[in-house]
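Colleague: Input: one structure, supplied below.
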Ligand SMILES: NC(=O)c1ccc[n+]([C@@H]2O[C@H](COP(=O)([O-])OP(=O)(O)OC[C@H]3O[C@@H](n4cnc5c(N)ncnc54)[C@H](OP(=O)(O)O)[C@@H]3O)[C@@H](O)[C@H]2O)c1
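Residue numbers (this note's numbering): 4 to 347.
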């Protein structure tokens, strides 16, 4: 019988610039629909550090518990919980309101509400998803935000066409693995020749095209060349306003830009001409807000069915819970390739 006990959490400091560890007592009992989970691994997203460095466009909870992505195991359930039992392997969804993708409200984990950089947490069963059993906690922890975003940005399910993925960050690398498993031809960009060489080795017999956006600042022309002038079907736009004109130029007719990120900065110093190319080529610019519980579940089912390993997207360095600040600093310094994991 669950009785409540102390659990350590990291919270953003009063000035919002660093992390502080605290011991907090969990509630003494669970509500009927609640599930207590023990968090095994957390993976970081750019937003987690962006909101501690004044680079996040949305206000966040003061002294909140950061991070949205984790893998956990169920340790206790409320009296009316039927979907989960003790020992199940689970993760919460990113936006606690987004069950079907049709909801109006939003409550994003780690931003608006406290979440997962802690040892234990309590969630209602309706916001939990079963994780693929073949994945380690470090791999599975990448699913809720990075994975689900990659899944919705690619417009899954689909099994053909060409997708251009910007950079070798978490969303992009996850999207690359989905492309390879689904049969979508990927073109991935990076500032680093070494990173692109490493990425190409993931393809096996499947071809991964690469573009160095430093040595090819007009990378959209490279994308057209690589597709024999046709253009790509979809761009996973991680850079934002500073890149969108180039992304539109790289698209084939009726192509889509999935607007995911703002790595190139929040405020564009100019508003590029997006209207004319969108009209001329019947393009779609689609805003992505991670995805719904259904999207996350579909992604988990896909990863299970295709036996996708997520090891290739993990950064070489794994941090211990006590080293969480160092993990955030590592991400902010952009020394990583793929996902940074904190093991708990
Ligand atoms: N809308 C949503 O639902 C949603 C969900 C998740 C994330 N996001 C946003 O999506 C973006 C990507 O997130 P992430 O977690 O994947 O970030 P990340 O892991 O920090 O990605 C960093 C990588 O992006 C690449 N990059 C940085 N600046 C670039 C530029 N100007 N041009 C091309 N590539 C650039 C770099 O790759 P190289 O080192 O290879 O050059 C860098 O290593 C962020 O802005 C994040 O906030 C949005």
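Ideal placement from N, C-alpha and C gives every residue a C-beta, glycine not left out.
Go ahead and pull the three-state DSSP assignment for residue 50.
Modeller: DSSP places residue 50 in helix when its eight states are reduced to three.
Colleague: Is it right to say residue 8 is buried, meaning 16 or more other beta carbons lie within 10 angstroms of its own, or is it exposed?
Modeller: Looking at its Cβ environment, which holds fewer than 16 other Cβ atoms inside 10 Å, residue 8 is exposed.
Colleague: Leaving out the 5 sequence neighbours to the left and right, which residues in its chain are closer than 6 Å to residue 289 when beta-carbon positions are compared?
Modeller: The answer, listed in chain order, is 259, 261.
Colleague: Within its chain, find whatever has a CB closer than 7 Å to the CB of residue 132; leave out the 5 residues flanking it on each side and keep chain order.
Modeller: Around residue 132: 93, 94, 96, 296, 299, 300, 303.
Colleague: Considering only heavy atoms of ligand 1, does any lie closer than 6 Å to the CB of residue 118?
Modeller: Checking every heavy atom of ligand 1 against the Cβ of residue 118, none is found closer than 6 Å.
Colleague: Does at least one heavy atom of ligand 1 sit under 6 Å from the Cβ of residue 238?
Modeller: Every heavy atom of ligand 1 is 6 Å or more from the Cβ of residue 238, so no.
Colleague: Does the pairing of the region 164–171 with the region 122–142 give three or more beta-carbon distances under 8 Å?
Modeller: Contact fails: fewer than three Cβ-Cβ distances are below 8 Å.
Colleague: With a cut-off of 8 Å on the beta carbons, I'd call residue 254 and residue 235 a contact; round off their distance for me.
Modeller: Confirmed, about 6 Å.
Colleague: Is it buried or exposed for residue 230, if we count other Cβ within 10 angstroms and need 16 for buried?
Modeller: So residue 230 counts as buried.
Colleague: Does the beta-carbon distance from residue 98 to residue 128 come in below 7 Å?
Modeller: Result no, Cβ atoms of residue 98 and residue 128 do not sit closer than 7 Å.
Colleague: The beta strand (DSSP E) with residue 199 in it runs from where to where?
Modeller: Where residue 199 is concerned, there is no enclosing beta strand (DSSP E), although the alpha helix (DSSP H) it sits in stretches over 196–203.
Colleague: Using a threshold of 6 Å, is the CB atom of residue 221 nearer than that to any non-hydrogen atom of ligand 2?
Modeller: For the structure depicted, ligand 2 is absent and the ligand set comprises only ligand 1.
Colleague: For residue 159, count neighbouring Cβ atoms within 10 angstroms of its own Cβ and tell me buried if that reaches 16, exposed if not.
Modeller: Answer is buried; the Cβ neighbour count reaches 16.
Colleague: Return the CA-CA distance between residue 279 and residue 240, expressed in angstroms with no decimal places.
Modeller: Rounded to the nearest angstrom, the two C-alpha atoms are 19 Å apart.
Colleague: Taking the alpha carbon of residue 14 as the reference point, which residue from 328, 316, 336, 141 has its own alpha carbon closest?
Modeller: Of the listed residues, the one whose Cα sits closest to residue 14 is 328.
Colleague: Is the closest heavy atom of ligand 1 to the C-beta of residue 173 under 6 Å?
Modeller: Yes, since a heavy atom of ligand 1 falls inside the 6 Å radius drawn around the Cβ of residue 173.
Colleague: Under the DSSP definition of a beta bridge, which residues are partnered with residue 11?
Modeller: The partner list for residue 11 (beta bridge, DSSP) reads 26.
Colleague: Using C-beta distances below 8 Å, list every residue in its chain close to residue 161, excluding the 5 sequence neighbours before and after it, in chain order.
Modeller: Same-chain partners within the cutoff: 185, 187.
Colleague: According to DSSP, is residue 318 part of a helix, a strand, or is it coil?
Modeller: Residue state, collapsed to three classes: strand.
Colleague: Distance check for residue 46 and residue 307, CA to CA, integer angstroms please.
Modeller: Looking at the two C-alpha atoms, the distance is approximately 20 Å.
Colleague: Near residue 331, what residues of its chain come up, given a Cβ to Cβ distance below 6 Å and the 5 sequence neighbours on each side ignored?
Modeller: Excluding residues within five positions, the ones whose Cβ falls inside 6 Å are 52.
Colleague: Please report the residue range of the beta strand (DSSP E) in which residue 73 lies.
Modeller: Note, residue 73: beta strand (DSSP E), 72–80.
Colleague: What three-state label does DSSP hand residue 296 in the structure shown?
Modeller: In the structure shown, residue 296 sits in a helix (DSSP, three-state: H, G or I).
Colleague: Just to confirm, does residue 108 get its C-beta within under 6 Å of one of the non-hydrogen atoms of ligand 1?
Modeller: Flag unset: Cβ of residue 108 not near ligand 1.
Colleague: Using the beta-carbon count (16 or more within 10 Å), is residue 310 buried or exposed?
Modeller: Exposed.
Colleague: Report the residue from 222, 237, 41 whose alpha carbon sits nearest the alpha carbon of residue 257.
Modeller: Considering only alpha carbons, the answer is 237.
Colleague: Just to confirm, are residue 403 and residue 29 a CB contact at a threshold of 7 Å?
Modeller: With the chain covering only 4 through 347, there is no way to say anything about residue 403.
Colleague: Let me make sure I understand the geometry here. Which of 210, 37, 22 has the alpha-carbon closest to that of residue 70?
Modeller: Taking only the C-alpha atoms, the option nearest residue 70 is 22.
Colleague: Using the Cα positions of residue 338 and residue 344, report the straight-line distance between them to the nearest angstrom.
Modeller: Roughly 14 Å between the two C-alpha positions.
Colleague: Of all the options 179, 144, 221, 225, which has the alpha carbon lying nearest to the alpha carbon of residue 245?
Modeller: Among 179, 144, 221, 225, the Cα nearest to that of residue 245 is on 221.
Colleague: What's the C-alpha gap between residue 143 and residue 34?
Modeller: Residue 143 and residue 34: Cα-Cα distance of roughly 27 Å.
Colleague: Would you check whether ligand 1 has a heavy atom nearer than 6 Å to the C-beta of residue 267?
Modeller: It does: the Cβ of residue 267 is within 6 Å (strictly closer) of some heavy atom of ligand 1.
Colleague: Determine the contact status of residue 89 and residue 38, defining contact as a CB-CB distance below 7 Å.
Modeller: Against a cut-off of 7 Å, the Cβ pair of residue 38 and residue 89 comes out as no contact.
Colleague: Taking the alpha carbon of residue 153 as the point to measure from, which residue in 26, 249, 291 has its own alpha carbon closest?
Modeller: Closest option to residue 153, Cα to Cα, is 291.
Colleague: Cβ of residue 14 versus every heavy atom of ligand 1: is any distance shorter than 6 Å?
Modeller: The answer is no for residue 14.
Colleague: Is the separation between the beta-carbon of residue 68 and that of residue 121 shorter than 7 Å?
Modeller: Against a cut-off of 7 Å, the Cβ pair of residue 121 and residue 68 comes out as a contact.
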